[in-house]
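Add 239 to the 1-based position in the sequence shown for this note's numbering, that's all there is to it.
Here a beta-carbon is modelled for each residue, glycine too, at the ideal position from N, C-alpha and C.
Treat the numbers as computed from the prediction; the structure is a model and nothing was measured.
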Amino acid sequence: MTNTRDDFRERLLAAQPMTPALQEGYRRELDAILYEMPTLQGRVAAITLLVICAAVVIAEVRAMVIHPGSVGYYLGAAIMAITCAMVAFLIARDLVRGKSPRKNAFTVSEMFYGASWILVVIQCLHGLSTPGDPASTFNVLFVMAFAAVCTTWALANRITAAELGAKEQALRLECRLADLAEKLERKGAARGEP
């Protein structure tokens, strides 16, 4: 059934070529869907997250240099440092551009989602190597809580991404149908039909 709907949609989209006016209208609406112009509150939140990510990167690098640890310790610290550095880069780039692709929120949540579950595995392996240390059990619980939050965030962003994709497709169909209706009206008017 999905293939039939996809085939119909593709035939409908291919039935009418895009005119420059339609392209411009579609591009404006699409930009409104795909990009958000940050408000003052959004900029403050972005700058706060940027500062937090930069602080995490500095703290992780400092910890790796000053405190000796196992391979898992260095791996976990490096993963968090790299993830936070990439997030800080995305935020800084968006602040400089003045607009933020909604897709970046999805990318950020996916990066934290992946990093959190890698940290869970690392912490579990560390717990297996030191079964007599109760701190390792608590560390696993804390990292699992972090992973649960990141998973919820990533899932919510996937739902939002699906909604935006549906809006984009609906907008494309609306624009094409409006253009097709306009052409049919012009043809009818040229023939003298009401």
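Counting Cβ pairs, one atom from each stretch, are 3 or more of them under 8 Å apart for the region 316-331 and the region 279-299?
Taking 8 Å as the limit for Cβ pairs, the verdict is that the region 279-299 does touch the region 316-331.
Here's the rule: buried if 16 or more other CB atoms are within 10 angstroms of the residue's CB, otherwise exposed. What is A354?
Within the sequence shown, numbered from 1, the residue matching residue 354 stands at position 115. Burial call: buried.
My output table needs one value for S368: the three-state DSSP class, helix, strand or coil.
What you label residue 368 is simply residue 129 of the sequence shown in a count that begins at 1. Three-state DSSP puts S368 in a helix.
Is the beta carbon of V379 sitting closer than 7 Å to the one on C363?
Counted from its first residue, the sequence shown places residue 379 at position 140. Counted from its first residue, the sequence shown places residue 363 at position 124. Result yes, Cβ atoms of V379 and C363 sit closer than 7 Å.
M276 lies in the alpha helix (DSSP H); which residues open and close that run?
As a first step, residue 276 must be located in the sequence shown, where it is residue number 37. Per DSSP, M276 belongs to no alpha helix (DSSP H) and is neither H nor E.
Just to confirm the assignment, what range does the alpha helix (DSSP H) spanning K338 have?
Start at 1 with the first residue of the sequence shown, and residue 338 comes out as number 99. Segment: none, K338 is in no alpha helix (DSSP H) and carries neither H nor E.
With a CB to CB cut of under 7 Å and the five nearest residues on each side skipped, what residues in its chain are close to C323?
Locating residue 323 in the sequence shown gives position 84, where the first residue counts as 1. Excluding sequence neighbours, C323 sits near C292, V295, V296.
Identify, in the order they occur along the chain, each residue of the same chain with its Cβ nearer than 7 Å to the Cβ of P340, setting aside the five sequence neighbours on each side.
Residue numbering aside, residue 340 sits at position 101 when the sequence shown is read from its first letter. Here the set comprises L273, Y274.
So what does DSSP say about G308, is it helix, strand or coil?
Your numbering for residue 308 matches position 69 in the sequence shown. Here G308 sits in coil by DSSP.
Just to confirm my understanding: we take A400, look at its own chain, exclude 5 residues before and 5 after, and list those with CB closer than 6 Å. What are they?
Position 161 of the sequence shown, counted from the first residue, corresponds to residue 400. These residues qualify, in order along the chain: F345.
In chain order, what residues of the same chain lie with their CB nearer than 7 Å to the CB of I361, ignoring the 5 residues before and after it?
For the purposes of this step, residue 361 is taken as the residue at position 122 of the sequence shown. These residues qualify, in order along the chain: G311, L314, G315.
Suppose the cutoff is 7 Å on Cβ atoms and the five residues either side in sequence are ignored; what does the same chain contact list for E268 look like?
Along the sequence shown, read from residue 1 onward, the residue named residue 268 stands at position 29. Once the five neighbours on either side are set aside, the close Cβ partners of E268 are L410.
Taking 6 Å as the cut-off, does the CB of Q362 come closer than this to any heavy atom belonging to the ligand COA?
The ligand COA is not part of the structure shown, which contains no ligands of any sort.
Among residues of its own chain, excluding the 5 on either side of R248, which ones have a beta-carbon nearer than 6 Å to its beta-carbon?
Against the sequence shown, residue 248 aligns to sequence position 9. Because R248 carries a pLDDT of 47, less than 50, the predicted location of this residue cannot be relied on, and the following value inherits that uncertainty. Same-chain partners within the cutoff: there are none.
Within 10 angstroms of its Cβ, does D418 collect 16 or more other Cβ (buried), or is it exposed?
Looking up residue 418 in the sequence shown gives position 179. Buried.
Whole angstroms are fine: how far does the CA of V283 sit from the CA of M303?
Here the question's residue 303 lines up with position 64 in the sequence shown. Here the question's residue 283 lines up with position 44 in the sequence shown. Rounded to the nearest angstrom, the two C-alpha atoms are 30 Å apart.
Can you name, in chain order, every residue of its own chain whose Cβ lies under 6 Å from the Cβ of S348, other than the five neighbours on each side?
Numbered from its first residue, the sequence shown carries residue 348 at position 109. Same-chain partners within the cutoff: W392, A393, N396.
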